[in-house]
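The structure under discussion appears below in the form of structure tokens.
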Amino acid sequence: MQRGANGSATPPPAPFRVGDWEIDPASCRVSRGDREVSIEPLLMDVLVYLARHRDEVVSGDRLVDELWTARIVADGAVYRAIAQLRRVLGDDARRPAYIETIPKRGYRLIAEVAALSPDPVANPAPDPVPPPPVPAADRPGHRRAGWASVAVLSVVAAAVVWAVLRPDPPVRGASPGHATPSIAVLPFDNLDGDQDLTYFSDGLTEEILNGLAQLDTVKVVARTSSFAFREKPRDVRSIGETLGVNHVLEGSVRRSDETVRITAQLIDAETGYHVWSRTFDRRQDEILSMQREVSDAVARELQIEMMDAGQPATRAVVDLPGDVYELFLLAVHNQRRVTPDSLAKAKGYFEQVIERRPDYAPAYAGLANCYSLLVQYNNEPLDENGPKALAAINKALSLDPNLAAAHHARGLVHFYGADYDAAVSAFEYAAQLAPQNPSHLTMLARALHFGGRSREALPYIERAVAKDPISPFVVTNHSAVLLALGRVDEAERQARKGIDIAPEYLNGYWQLAWTLLLANDPIGALRYYETGIQKGIRQPEINVGLAYAYMDLARYDEALAAAQRAVQNTQQWGEGLVL
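Numbering follows this note's numbering, with no gaps: position 413 of the sequence shown is 429.
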């Protein structure tokens, strides 16, 4: 039963017709010919409201404010309701005959509405003026409940998750003579001849990139997008166009028994000409200082050429012995692969670094991230891993209170504990400390999105896309936020781009499947869910999506089995922590 602006119940309207369907709001039934379908009262409320405002664009927020009074509002509730209505009416989101999605604005009923009685729903008395909308985060029931008790329901409503997609390529960065310099640091070639040692050259490259990222006035493309060109022909001008930068740094790393040689070249991405080149030779135990020297030299060159590009790239970093630093690079390398086995290896390497250098804060932050990521990627219980992660985080912050990675790690623990407000605070602080790092922005957007604040999440995920335009992680989460805002077609395009960018990124299949499900394509959704499972997805949420797809296809036994697996797997995660 629909409710008025003051929350009081109003009598249901008389039966009416939408297209070739007859609608009976009192009994919550819709019929066409000899087919009759019962629908949930909330779905009927949405349909009646759209009919009362036919040909008017109605936003998702407006529907929530008008119809979700005294109900718990789960993220994605509106577009899930619209998707269910489309399935009942046999509508197609791509070629709608009943409900049209207006990108960035809302939904519009476009089918003809006619009265079946003297009380025409198509021409009702004007609705009373609604009260000011209540922010989603402040509505009753919107705050976090215990994780285990609401896990399956929240997953059903917000399974657009782990996941963000890139829009069209960004505008190219400023050319020489313009105000803002920009640079992409490509993975340095490993000249050792042993591909198993690529982690070493990658680690050195990343530290050089991080050093440049300390410059506030230089745009530095993030690691994932820069490293996407590892196996591709290096046409510097094409890379500059794709990433929106005016300079590219490339180079090589060669190790001997006791020394390391880095050769670096700075290239103008507009012309393809070399701007600067230099070779650095140092002992193994001087690796960290050499990385900073390379970063500083490139920054100075950019400042000279660009005029007033920013302050020198100086950082206070704890030096490590060469063999300990190599353990740290191995830990980071394995953590980035985010598989159960690689995370277990990373955890072991971080522990070895801590044993050798208990004063090295980044190792504690990395260890904390491993504990949290094993909850997500290996279904390890949060109530066991969470306290271990927090202990490591507290140690890291005692050593370095401004370590962005440690605040990010705290955000992850809060995020997996479904305490999204606390997660937002932690990721927001990490982003303030390291504004060039797109991971902080992406997780900030995810925490806002999961906390029912997807509109607030959009500018953060768009900033992350600008910094890391071809990262599958960023791209897939961008898709999730767009989907939550009802921009289904854009979300699908972005999800498909994510899979094109990185076919090995499992969450891309999950995101695309959920998007197709809401676009009334259960066959396509099922195909991508099954592909993701075959490739190794283990998260319980995927079984919720499978259950929906099977139900849409009337495969009820398989739907029930998938739902049971979702419940069983969710229970293995344990209770959420209150931190």
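For every residue, glycine included, the Cβ atom is placed at its ideal position computed from N, Cα and C.
Cα-Cα separation between V73 and L66, rounded to whole angstroms: 9 Å
Cβ pair R471, L457 closer than 8 Å: no
Verify whether the separation of the beta carbon atoms of A461 and Y476 is less than 8 Å. yes
Alpha-carbon spacing of A422 relative to F431, whole angstroms: 14 Å
Within 10 Å of its beta-carbon, does V583 have 16 or more other beta-carbons around it, so buried, or fewer, so exposed? exposed
Count the other C-beta atoms from every protein chain shown that fall within 10 angstroms of the C-beta of R271, then say buried if there are 16 or more, exposed otherwise. buried
Is it true that the segment 499 to 507 meets the segment 250 to 269, where meeting means three or more beta-carbon pairs spaced less than 8 Å apart? no
Pull up the distance between the alpha-carbon of V440 and that of A200, whole angstroms please. 29 Å
Can you tell me which of the three DSSP states H267 falls into? What sits at residue 267 in the sequence shown is Gly, not His. Three-state result, G267: strand.
What residue from I515, V104 and R70 has the CA that sits closest to E52's CA? V104
Roughly how many angstroms separate the alpha carbons of P488 and A407, rounded to a whole number? 31 Å
Proximity to G427 [Cα-Cα], best of M459, T295 and H349: M459
Span separating the alpha-carbon of L207 from that of T214: 9 Å
Considering only residues of the same chain and omitting the five flanking positions on each side of R33, which have a CB-CB separation below 8 Å? I39, E128, V129, A130, A131 and L132
Cα-Cα separation, G548 to D297: 46 Å
Compare the beta carbon distance of T531 and L562 with 8 Å and say whether it is the shorter of the two. no
C-alpha distance - N350 paired with Y521, whole-angstrom precision: 15 Å
Alpha carbon of A565 to alpha carbon of P29, nearest angstrom: 33 Å
Per DSSP, cross-strand counterpart(s) of T275: R299
Nearest to P41 by alpha carbon, out of R48, G35 and L59? L59
From D568 to A280, what distance separates their C-alpha atoms? 56 Å
Taking the alpha carbon of K235 as the point to measure from, which residue in I370, G540, A450 and A570 has its own alpha carbon closest? A450
Y387 beta carbon less than 8 Å from that of K404: yes
What does the alpha-carbon distance come out to for the pair I126 and S495? 26 Å
Does the Cβ of K483 have 16 or more other Cβ atoms within 10 Å, making it buried, or fewer, making it exposed? buried
Spatial neighbours of H290 within its chain, please: C-beta separation below 6 Å, excluding the five flanking residues on both sides. Q281 and I283
Assuming contact is defined by CB atoms lying nearer than 8 Å, are V429 and G467 in contact in what I supplied? no
Can you round the beta-carbon distance between S311 and L228 to whole angstroms, since I take them to be within the 8 Å contact cut? 5 Å
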